[in-house]
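Taking it in order: structure first as structure tokens, then the write-up.
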Amino acid sequence: AMVCTRSKPKCELCPLSNGCVAYANHSWAEYPGKKPKQTLPERTGYFLLMQHGDEVFLSQRPPVGLWGGLFCFPQFADEAELREWLAQRQIKADNLTQLTAFRHTFSHFHLDIVPMWLTVHSCGACMD
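If you're matching positions, the sequence shown starts at 17 in this note's numbering and goes up one per residue.
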């Protein structure tokens, strides 16, 4: 590992250089080859950006998993789940607006983020 390197190979020190094709062809820079790019799975998350006056609603995520323990905009699998969450809290969603979606890439998956904006005029059950 310390002898056969891509940038500065020490072929003269290598005990295998006599039978090495890369050494014979002066093509050591091609080895080891780059790993093929891994196809990452894709996920979609609907994030609720809910404003009431000069306040926004954040919820604390579970202690383990993605962004464990951090405060975040509520996340949903789809718009129907988001609307159901609002209905359970008796929050009117007449001015719910989808903002421009974007992609955030983690090391192990792509997250397509769909931000949903909602201005709440009267807020009773929404802050519990």
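For glycine and all other residues, C-beta sits at the position ideal for the given N, C-alpha and C. In this text, all values refer to a predicted model and were calculated from it rather than measured experimentally.
query, result
"Beta-carbon spacing of Ala38, Glu46 below 8 Å", "yes"
"Proximity to Phe87 [Cα-Cα], best of Met18, Ser75 and Leu98", "Ser75"
"Complete beta strand (DSSP E) runs within the region 56 to 90 (minimum length 3 residues, chain order)", "58 to 68"
"Met18 classed as buried or exposed, judged by whether at least 16 other C-beta atoms fall within 10 angstroms", "exposed"
"Top-ranked residue by Cα proximity to Arg205, from Leu134, Arg59, Lys26 and Lys24", "The requested residue 205 is not part of the displayed model; the chain covers only 17 to 144."
"Cβ neighbour criterion (16 or more within 10 Å) applied to Phe92", "buried"
"Whole-angstrom C-beta distance between Ala96 and Leu102, which should lie under 8 Å", "The pair is not a contact, with the Cβ atoms about 11 Å apart (cut-off 8 Å)."
"Distance between Leu82 and Cys36 (C-alpha atoms, nearest Å)", "46 Å"
"Option in His120, Arg119 and Thr21 with minimal Cα separation from Gly49", "Thr21"
"Arg77 versus Val136: straight-line alpha-carbon distance, rounded", "22 Å"
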